[in-house]
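In the numbering used here, the protein residues as written are -6 to 235. In this text, a Cβ means the ideal position worked out from N, Cα and C, and glycines have one as well. All figures in this text were calculated on a predicted structure; none of them were measured in a lab. Notes for the one structure printed next.
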């Protein structure tokens, strides 16, 4: 069985280097964490890709919140996505909801088509991020997205308040793995702590996402390789037996 995936949020090449040194398996590349993570520049992606050999998932999000925005803003996001794709980005993070909490299928489809342009239908892999935790119908959202190529991960805390309150939902969804709408991997993240790992791994979850937990000095400080290493050590420990 392969080891659990540890994904770390990076803002720049220095973060990426520290995350890799600590044992991260993948990066989520963003800018502006004051807005919970927006799309980075093409130049930042190129610098990070040159600095490390880890897979890099690039955030596609133009503003705080989970709406696709007005047509002009969404067109600009599509242009940014196309530029990142042409720079070599082939893994992404995205997700949009309508005002009533449903999945914005039109926006998701349009943006994923942009990053598949010029390649095979499954060229780009992507994560539907924590917008799922604000959805009115999580099961319905999963089933509506099931036929969009490239979706292989849901980043979720189980609820909007974070993993503390979302643990039962994460365990219930993990038990449905492989059923329609539940084929993508669950990546637990959102207030995730080391003491959550035992229950999550016992439930069968094997992917984990950290941001602030990798930065002892907070978001004003860099990713710390030793902090990432503590997560790597914890995840490499044997799965607890119920």
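Which runs of the alpha helix (DSSP H) fall wholly inside the region -5 to 35 and span at least 4 residues, in chain order?
6 to 15
Strand pairing of residue 120, partner residues [DSSP]
Taking the first residue of the chain shown as position 1, residue 120 is located at position 127. Bridge partners of residue 120: 86 and 146.
Identify the continuous alpha helix (DSSP H) that holds residue 59 and give its terminal residues.
Against the chain shown, residue 59 aligns to sequence position 66. It is not in any alpha helix (DSSP H) - residue 59 carries neither H nor E in the DSSP assignment.
Going by Cα to Cα distance, which pick from 224, 105 and 60 is closest to residue 185?
Numbered from its first residue, the chain shown carries residue 185 at position 192. It is 224.
Quick one: grab the DSSP three-state call for residue 178.
The residue labelled residue 178 in the question sits at position 185 within the chain shown. Looking at residue 178 - three-state DSSP - the assignment turns out to be strand.
Where does residue 101 fall in DSSP's three states?
Locating residue 101 in the chain shown gives position 108, counting from the first residue. Helix, per DSSP.
Residue 171 classed as buried or exposed, judged by whether at least 16 other C-beta atoms fall within 10 angstroms:
Taking the first residue of the chain shown as 1, we reach residue 171 at position 178. Exposed, because fewer than 16 other Cβ atoms sit within 10 Å of the Cβ of residue 171.
Cα-Cα separation between residue 219 and residue 51, rounded to whole angstroms
The residue you call residue 219 lines up with position 226 of the chain shown. The residue you call residue 51 lines up with position 58 of the chain shown. For residue 219 and residue 51, the distance between alpha carbons rounds to 24 Å.
Which residue from 108, 214, 64 and 71 puts its Cα closest to that of residue 83?
Working through the chain shown from its first residue, we reach residue 83 at position 90. Of the candidates 108, 214, 64 and 71, the one whose C-alpha sits nearest the C-alpha of residue 83 is 108.
How many Å lie between residue 99 and residue 231 at the Cα?
Residue numbering aside, residue 99 sits at position 106 when the chain shown is read from its first letter. Residue numbering aside, residue 231 sits at position 238 when the chain shown is read from its first letter. Distance between the alpha carbons of residue 99 and residue 231 is about 42 Å.
Return the CA-CA distance between residue 124 and residue 43, expressed in angstroms with no decimal places.
By one-based count along the chain shown, residue 124 stands at place 131. By one-based count along the chain shown, residue 43 stands at place 50. Rounded to the nearest angstrom, the two C-alpha atoms are 30 Å apart.
Taking all protein chains shown into account, decide if residue 72 is buried (16 or more other Cβ within 10 angstroms of its Cβ) or exposed.
Within the chain shown, numbered from 1, the residue matching residue 72 stands at position 79. Classification of residue 72: exposed, given that the 10 Å Cβ count is below 16.
Looking only at its chain, what residues have a beta carbon closer than 8 Å to the beta carbon of residue 205, apart from the 5 residues adjacent to it on each side?
For the purposes of this step, residue 205 is identified with residue 212 of the chain shown, where counting begins at 1. Within the same chain, and ignoring the five residues on either side of residue 205 in sequence, the residues whose Cβ sits closer than 8 Å to its Cβ are 211 and 212.
Please look up how many angstroms separate the CB atoms of residue 41 and residue 74, rounded, as I've assumed it's under 8 Å.
In the chain shown, the residue the question calls residue 41 occupies position 48. In the chain shown, the residue the question calls residue 74 occupies position 81. Not really, about 16 Å apart at Cβ, beyond 8 Å.
Classify residue 230 as helix, strand or coil using the three-state DSSP reduction.
Here residue 230 corresponds to residue number 237 of the chain shown, with the count starting at 1. Correct three-state label for residue 230: coil.
Considering only the beta carbon of each residue, do residue 49 and residue 216 sit closer than 8 Å?
Indexing the chain shown from 1 puts residue 49 at position 56. Indexing the chain shown from 1 puts residue 216 at position 223. Taking 8 Å as the Cβ cut-off, residue 49 and residue 216 do not qualify as a contacting pair.
Per DSSP, what are the beta-bridge partners of residue 202 in this structure?
Within the chain shown, residue 202 is the residue found at index 209, counting from 1. The partner list for residue 202 (beta bridge, DSSP) reads 0.
Express the C-alpha separation of residue 143 and residue 106 in angstroms, rounding to a whole number.
For the purposes of this step, residue 106 is taken as residue 113 along the chain shown, with counting starting at 1. For the purposes of this step, residue 143 is taken as residue 150 along the chain shown, with counting starting at 1. Note on geometry: alpha-carbon atoms of residue 106 and residue 143 lie some 10 Å from one another.
How would you call residue 228, buried or exposed, if buried means at least 16 neighbouring beta carbons within 10 angstroms?
Along the chain shown, read from residue 1 onward, the residue named residue 228 stands at position 235. By the neighbour-count rule (16 or more Cβ atoms within 10 Å), residue 228 is buried.
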